[in-house]
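**Q** Have a look at this one before I ask anything.
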């Protein structure tokens, strides 16, 4: 209890101290700037009636975000392969780098042991739902173009991603490292198709010894820039 | 000569198994189609003051230059992505131009055009900041998301949410803290922090038969904010936590984290 008050006291002390250091900005104390001198000249005779042309520039549409969904197949190590689907949100920092968050879900099947043993089950049906989220840093490593027919060119990007996240599977949240590569095919400047391959790695001890499981995912996605 | 903007949308083979994806595509398309379509005269128009303006097929140095607009002509700016601008020339050609070239263009009234760009000054003075950090929390992995508001360049308030993933227990943590930066204008700016919050832990049932617990926490820490580029910064920090448990002894946990953030 005592340390709780100590923390509270420290917070109050810190706010007031740093507040003092910056009072000039916070409360407007300190030297005030003198008001600018009035610009009216004393002996002005002619009042030029010139209307300034006011131009209101329309704002430029910024499209740094990319949102969309994907569907594909995912292999959960020891638990077979099933359909995976998910959503993706990305923010483009520079022409090369972007950050990306994904949330996806698949269903794990039966292990070979469960199939051969008949009735034995390692985990319940609800624990077979495999849900993950990841926060990734991506880099467009190979920008390019593809040409279809004579008059069509589409921009493309081959990118690499790596990141961290969490996977809920077999009754536990598991710290997950995620690496992969993808291909972005821009149908227009604002609409893209994606083909992605990713590996989700986490430690699991469900089948005896702890091991690092590789859960491979391949998906086809659709995104819109905004 | 290639043109990057082609509006035909080839039909994509979609697996019929997932109705979810169909719904998602429909929703995304709706958002896209519902977006207001700007009329031509709504675009910002700039005149070229340099000898020429180079248009690339895509937003990046890797894409080839396919068209050049001469001095005196004007272009409409259709959109911006990172530091690249999609422009349309009088002859209808559309291409991407980088910021360095756009800054040499002129407004209709003859003034130089200024394009907003986050600089190191904004790193010091920006009001809002949000980021993602990950690291080690007393032997467990931790992933954190935070948002901050600056009262002034020296003091800011932050709200944190973290997920803790360990070998013996999982959990989450929420906290608020005050951050003090002594030299906010330095490119590598050290800071001190103090805060309080709650931690919720769930022991893993396969190993320990424990109860879920929610405890109050207090923490003190220090770290660095490092300006990277544009609105982007790197952040590394150490925090020492005291967990006010209902048992006799308080727990102490050390945390190390690195990550990145944006200011705006």
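Chains as they are written, first to last, in this note's numbering: chain L, 1 to 226; chain S, 1001 to 1264. Glycine included, C-beta positions come from ideal geometry on N, C-alpha and C. Computed from a predicted structure; not experimentally measured.
For residue 1162 of chain S and residue 1204 of chain S, what's the separation of their Cα atoms in angstroms?
**A** Position 162 of the second chain, counting from 1, holds the residue named residue 1162 of chain S. Position 204 of the second chain, counting from 1, holds the residue named residue 1204 of chain S. The alpha-carbon separation between residue 1162 of chain S and residue 1204 of chain S amounts to approximately 18 Å.
**Q** Nearest chain L C-beta to residue 1263 of chain S closer than 9 Å, yes or no?
**A** For this step, residue 1263 of chain S is matched to residue 263 along the second chain. Output row for residue 1263 of chain S: interface = no.
**Q** Could you spell out the range, first to last residue, of the alpha helix (DSSP H) harbouring residue 126 of chain L?
**A** Reading the first chain from its first residue, position 126 is the one you call residue 126 of chain L. No alpha helix (DSSP H) contains residue 126 of chain L, which DSSP labels as neither H nor E.
**Q** So with CB distances below 7 Å, who are the chain S contacts of residue 166 of chain L?
**A** Residue 166 of chain L sits at position 166 when you count from the first residue of the first chain. Per Cβ cutoff of 7 Å: 1143, 1163, 1165.
**Q** Check the Cβ of residue 1042 of chain S against every Cβ in chain L and list those closer than 7 Å, keeping chain order.
**A** Within the second chain, numbered from 1, the residue matching residue 1042 of chain S stands at position 42. Under the 7 Å cutoff, chain L gives 58.
**Q** Answer yes if the region 1109-1116 of chain S comes into contact with the region 1214-1231 of chain S, meaning at least three C-beta pairs across the two stretches below 8 Å, and no otherwise.
**A** no
**Q** Check the Cβ of residue 175 of chain L against every Cβ in chain S and list those closer than 7 Å, keeping chain order.
**A** Residue mapping note: residue 175 of chain L aligns to position 175 of the first chain, counting from 1. Under the 7 Å cutoff, chain S gives 1141, 1165.
**Q** Between which two residues does the alpha helix (DSSP H) holding residue 113 of chain L run?
**A** For the purposes of this step, residue 113 of chain L is taken as residue 113 along the first chain, with counting starting at 1. Residues 112-117.
**Q** With a threshold of 9 Å between beta carbons, is residue 181 of chain L in contact with chain S?
**A** Taking the first chain and counting its residues from 1, the one referred to as residue 181 of chain L is at position 181. Not one chain S Cβ lies under 9 Å of residue 181 of chain L.
**Q** So, using beta-carbon positions, are residue 79 of chain L and residue 109 of chain L closer together than 9 Å?
**A** On the first chain, position 79 is the one that residue 79 of chain L refers to. On the first chain, position 109 is the one that residue 109 of chain L refers to. For residue 79 of chain L and residue 109 of chain L, yes; Cβs fall inside 9 Å.
**Q** I'd like to know if the region 1128-1140 of chain S and the region 1077-1084 of chain S are in contact, where contact means that at least 3 CB-CB pairs between them fall below 8 Å.
**A** no
**Q** Assign residue 1124 of chain S to one of three DSSP states: helix, strand, or coil.
**A** Against the second chain, residue 1124 of chain S aligns to sequence position 124. The answer is helix: DSSP assigns residue 1124 of chain S an H, G or I state.
**Q** With distances taken Cα to Cα, identify the nearest neighbour of residue 1128 of chain S among S:1107, S:1136, S:1119, S:1151.
**A** Residue numbering aside, residue 1128 of chain S sits at position 128 when the second chain is read from its first letter. The shortest Cα separation from residue 1128 of chain S among S:1107, S:1136, S:1119, S:1151 belongs to S:1151.
**Q** Rounded to the nearest angstrom, how far is the Cβ of residue 1147 of chain S from that of residue 1159 of chain S, given a contact under 8 Å?
**A** Translated into the one-based positions of the second chain, residue 1147 of chain S becomes position 147. Translated into the one-based positions of the second chain, residue 1159 of chain S becomes position 159. Contact holds; Cβ gap of about 5 Å.
**Q** Please list the segments of the beta strand (DSSP E) lying wholly inside the region 1180-1227 of chain S, counting only runs of 3 or more residues, in order along the chain.
**A** 1188-1203
**Q** Of the residues S:1180, S:1200, S:1168, S:1264, which one's Cα is nearest the Cα of residue 1191 of chain S?
**A** One-based indexing of the second chain puts residue 1191 of chain S at position 191. Ranking the options by Cα distance to residue 1191 of chain S, first place goes to S:1180.
**Q** Below 8 Å on the Cβ atoms is my guess for residue 88 of chain L versus residue 77 of chain L; work out the distance and round it to an integer in Å.
**A** Stepping through the first chain from its first residue, residue 88 of chain L is reached at position 88. Stepping through the first chain from its first residue, residue 77 of chain L is reached at position 77. At roughly 23 Å, the Cβ-Cβ gap does not stay under 8 Å, so residue 88 of chain L and residue 77 of chain L are not in contact.
**Q** I'd like to confirm the pairing. Which residues does DSSP put opposite residue 45 of chain L in its beta bridges?
**A** Residue mapping note: residue 45 of chain L aligns to position 45 of the first chain, counting from 1. Looking at the DSSP assignment, residue 45 of chain L forms no beta bridge with any residue, so it has no partner.
**Q** Compute the beta-carbon to beta-carbon distance between residue 141 of chain L and residue 1232 of chain S, rounded to the nearest angstrom, for a pair I have assumed lies under 8 Å.
**A** If you number the first chain from 1, residue 141 of chain L lands on position 141. If you number the second chain from 1, residue 1232 of chain S lands on position 232. Not quite, the Cβ-Cβ distance comes to about 19 Å (not below 8 Å), so this is no contact.
**Q** Determine, for residue 29 of chain L, whether the minimum Cβ-Cβ distance to residues of chain S falls below 9 Å.
**A** Along the first chain, one-based indexing puts residue 29 of chain L at 29. Legend: pLDDT at residue 29 of chain L = 46, less than 50; position of this residue unreliable, value from coordinates given subsequently. Closer than 9 Å: no.
**Q** Count the other CB atoms within 10 Å of the CB of residue 219 of chain L; is the residue buried (16 or more) or exposed (fewer)?
**A** Position 219 of the first chain, counted from the first residue, corresponds to residue 219 of chain L. Flag for residue 219 of chain L reads buried.
**Q** Taking 9 Å as the CB-CB limit, is residue 215 of chain L close to chain S?
**A** In the first chain, counting from the first residue as 1, residue 215 of chain L sits at position 215. The beta carbon of residue 215 of chain L does not come within 9 Å of any beta carbon belonging to chain S, so the residue lies off that interface.
**Q** Assign residue 957 of chain S to one of three DSSP states: helix, strand, or coil.
**A** Because chain S in this structure spans residues 1001 to 1264, residue 957 of chain S falls outside the shown range and cannot be described.
**Q** Using beta-carbon positions only, say whether residue 195 of chain L and residue 185 of chain L come within less than 9 Å of one another.
**A** As a first step, residue 195 of chain L must be located in the first chain, where it is residue number 195. As a first step, residue 185 of chain L must be located in the first chain, where it is residue number 185. Yes, the Cβ-Cβ distance between residue 195 of chain L and residue 185 of chain L is below 9 Å.
**Q** Kindly list the residues whose CB is nearer than 6 Å to the CB of residue 1255 of chain S, restricted to its own chain and excluding five residues on each side of it in sequence; keep chain order.
**A** Sequence index remark: in the second chain, residue 1255 of chain S carries index 255 (1-based). Only 1137, 1239 meet the Cβ criterion.
**Q** Please report the Cβ distance between residue 1076 of chain S and residue 1052 of chain S, rounded to the nearest whole angstrom; I am assuming they are in contact, meaning their Cβ atoms lie under 8 Å.
**A** The residue labelled residue 1076 of chain S in the question sits at position 76 within the second chain. The residue labelled residue 1052 of chain S in the question sits at position 52 within the second chain. No, residue 1076 of chain S and residue 1052 of chain S are not in contact; Cβ-Cβ is about 17 Å, not under 8 Å.
**Q** What residue range does the alpha helix (DSSP H) around residue 1099 of chain S cover?
**A** Position 99 of the second chain, counting from 1, holds the residue named residue 1099 of chain S. 1099-1102 is the extent of the alpha helix (DSSP H) around residue 1099 of chain S.
**Q** Which word fits residue 189 of chain L, buried or exposed, when buried means at least 16 other C-beta atoms lie within 10 angstroms of its C-beta?
**A** Working through the first chain from its first residue, we reach residue 189 of chain L at position 189. Taking all protein chains in view, the Cβ of residue 189 of chain L is crowded by 16 or more other Cβ atoms within 10 Å, so the residue is classified as buried.
**Q** Assign residue 61 of chain L to one of three DSSP states: helix, strand, or coil.
**A** Locating residue 61 of chain L in the first chain gives position 61, where the first residue counts as 1. DSSP places residue 61 of chain L in coil when its eight states are reduced to three.
**Q** From the DSSP output, in three-state form, read off residue 1042 of chain S for me.
**A** To locate residue 1042 of chain S, count along the second chain from 1; it is residue 42. In the structure shown, residue 1042 of chain S sits in a helix (DSSP, three-state: H, G or I).
**Q** When the cut-off is 9 Å and only beta carbons count, does residue 1232 of chain S lie next to chain L?
**A** Along the second chain, one-based indexing puts residue 1232 of chain S at 232. Taking CB atoms only, residue 1232 of chain S has a neighbour in chain L less than 9 Å away.
**Q** Secondary structure at residue 196 of chain L, three-state DSSP: helix, strand or coil?
**A** Within the first chain, the letter at position 196 stands for residue 196 of chain L. Residue 196 of chain L: strand per DSSP, three-state reduction.
**Q** Using beta-carbon positions only, say whether residue 1164 of chain S and residue 1199 of chain S come within less than 9 Å of one another.
**A** For the purposes of this step, residue 1164 of chain S is taken as the residue at position 164 of the second chain. For the purposes of this step, residue 1199 of chain S is taken as the residue at position 199 of the second chain. Taking 9 Å as the Cβ cut-off, residue 1164 of chain S and residue 1199 of chain S qualify as a contacting pair.
**Q** Give me the Cα-Cα distance between residue 1060 of chain S and residue 1098 of chain S, rounded to the nearest whole angstrom.
**A** Residue numbering aside, residue 1060 of chain S sits at position 60 when the second chain is read from its first letter. Residue numbering aside, residue 1098 of chain S sits at position 98 when the second chain is read from its first letter. The straight-line gap from Cα to Cα measures roughly 8 Å.
**Q** Run through chain L and tell me which residues come within less than 9 Å of residue 1080 of chain S, C-beta to C-beta.
**A** One-based indexing of the second chain puts residue 1080 of chain S at position 80. In chain order: 60, 61, 62, 63, 64.
**Q** Of all Cβ atoms in chain S, is any one closer than 9 Å to the Cβ of residue 26 of chain L?
**A** Here residue 26 of chain L refers to the residue found at position 26 when the first chain is read from its first residue. With a pLDDT of 47 at residue 26 of chain L, under the threshold of 50, the predicted position of this residue should be treated as unreliable, though the coordinate-derived value follows. Answer yes: the Cβ-Cβ gap between residue 26 of chain L and chain S drops below 9 Å somewhere.
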